[in-house]
Amino acid sequence: MIELKTGKKGYQFVLQGELRFEQLTDLLTAAQQIEAQPKPTTIDWSNLQSLHYACLQVLIALGKSLEASGQRITFKEPSPDLYDRLNRYGIWQTLLES
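Sequence positions in the sequence shown follow our numbering and run 40 to 137.
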């Protein structure tokens, strides 16, 4: 599930369940909405169980775009299972460096 909440101070981007390739278009649409009017953004993936690599690339690109426009992006702590998978494949470090 992808849910984008807009507030005066920024965006709350909630990702839950599984993000498969089929959800890529929805994720990209939400990311484009954020890019169109950049504000500080919090990504809550604490209830996300799995994430397709293409969806991860969208999140990395969104983070770089927000930082380039002078906005802050914050990731809440991922679920332990997702963190283990990201860490195992070296992707967690890539996220920290991007």
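Ideal placement from N, C-alpha and C gives every residue a C-beta, glycine not left out.
First through last residue of the alpha helix (DSSP H) which encompasses residue i
i     : result
Gln96 : Tyr92 to Ala107
Glu74 : Leu63 to Ala75
Whole-Å CB distance - residue i paired with residue j, under 8 Å assumed
i     : j      : result
Ala69 : Phe52  : 7 Å
Gln88 : Leu121 : 7 Å
Leu67 : Leu90  : Actually they do not touch by this definition, with Cβ atoms about 14 Å apart.
Ile41 : Asp65  : 5 Å
Leu95 : Ile130 : 7 Å
Proximal residues to residue i (C-beta, below 8 Å), its chain only, five neighbours per side dropped
i      : result
Lys115 : Thr81, Ile82, Asp83, Trp84 and Ser85
Member of the options whose CA lies at the smallest distance from the CA of residue i
i      : options                          : result
Lys47  : Pro79, Met40, Gln55 and Asp65    : Pro79
Gln110 : Pro77, Cys94 and Tyr92           : Pro77
Leu125 : Gln55, Gln72, Gly56 and Tyr92    : Tyr92
Val97  : Gln71, Tyr128, Ala107 and Arg127 : Gln71
Same chain, Cβ closer than 6 Å to residue i, neighbours up to 5 away in sequence not counted
i      : result
Ile112 : Thr80, Gly102 and Leu105
Lys44  : Gln51
Pro117 : Trp84
Continuous beta strand (DSSP E) stretch holding residue i: start and end
i      : result
Tyr128 : Run containing Tyr128: none; DSSP gives neither H nor E here.
Glu57  : Tyr50 to Leu58
Glu42  : Ile41 to Thr45
beta-carbon residue i near the ligand PLP non-hydrogen atom, thresh 8 Å
i     : result
Leu67 : The model depicted lacks the ligand PLP and carries no ligand whatsoever.
Cβ shell of residue i (< 7 Å), same chain only, five flanking positions each side left out
i      : result
Phe138 : Limits of the chain in this structure are 40 at one end and 137 at the other, which puts residue 138 out of reach.
Gln55  : Met40, Asn86 and Leu87
Ser108 : Pro77
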